[in-house]
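Residue numbers for the sequence shown follow our numbering, beginning at 2 and rising by one. Don't be surprised by glycine CBs; every beta carbon is placed ideally from N, CA and C. Everything numeric in this text was worked out from a predicted model, so none of it was measured. Note sheet for the following structure.
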Amino acid sequence: MPTYDYLVIAMMISFIALLFTGFPIAWILAGVAILFSTIAVLGYQYLGWDTFFLTSFSKVHAIWIQRIYAQMSNWILVELPMFVFMGLMLERSGVTEKLMVNFVQLFGRYRGGLALAVVLI
C-alpha cells in the first residue's frame, strides 16, 4: 500500500478521535489538514515518501495560485457583503419596521402570514 494511503487512514482516525475532545469542528479540520499536509511535505522532501503530494514544487505553486485567484474572483464573494450591507442599512433606517408592520397587516390573517412577511422583507 502506498504511503499516501496510510496518511489518509491516519488522518481520518485522528479526525474522528479529535471530534470526541470537544474542540470546535472548524479548528479540528484546520488542525488535522495543516498537520498532515506538513507531514506529507516533510515526508516527501526528507524521507523520500511517495505522498502523491508534490510532483513539482513550481507546479504546485501554480495550482495554488490559480485556485486562490479563482476563489477570489467568484461573484459570491462580492454579493455576500453587499447583501449584509443592504440588510444593515434597512435595519438602521427603520424601513424594516415599517415594512414588517405593513406586511403583517396584509398577510397576518392568512395561515403562515408572519413567515411570509419575514421572507418578503
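Exercise. So is Leu8 buried or exposed if we call it buried at 16+ other beta carbons inside 10 Å?
Worked result: Label assigned to Leu8: buried.
Exercise. With 16 other CB atoms within 10 Å as the buried threshold, where does Phe37 fall?
Worked result: Buried, since its Cβ has 16 or more Cβ neighbours within 10 Å.
For this session: Give every residue of the same chain whose Cβ lies closer than 8 Å to the Cβ of Leu20, excluding the five residues on either side of it in the sequence, and list them in chain order.
Result: Cβ-Cβ distances below 8 Å link Leu20 to Ile26, Ile29 in the same chain, with the five nearest sequence neighbours on each side left out; the list follows chain order.
Exercise. Is Arg1 helix, strand or coil when you go by DSSP?
Worked result: Look at the range of the chain in this structure, 2 to 122, and you will see that residue 1 is not part of it.
For this session: State whether the segment 63-80 contacts the segment 92-109, with contact taken as three or more CB pairs (one from each stretch) at a distance under 8 Å.
Result: In short, these stretches do not touch, since the Cβ pair count stays below three.
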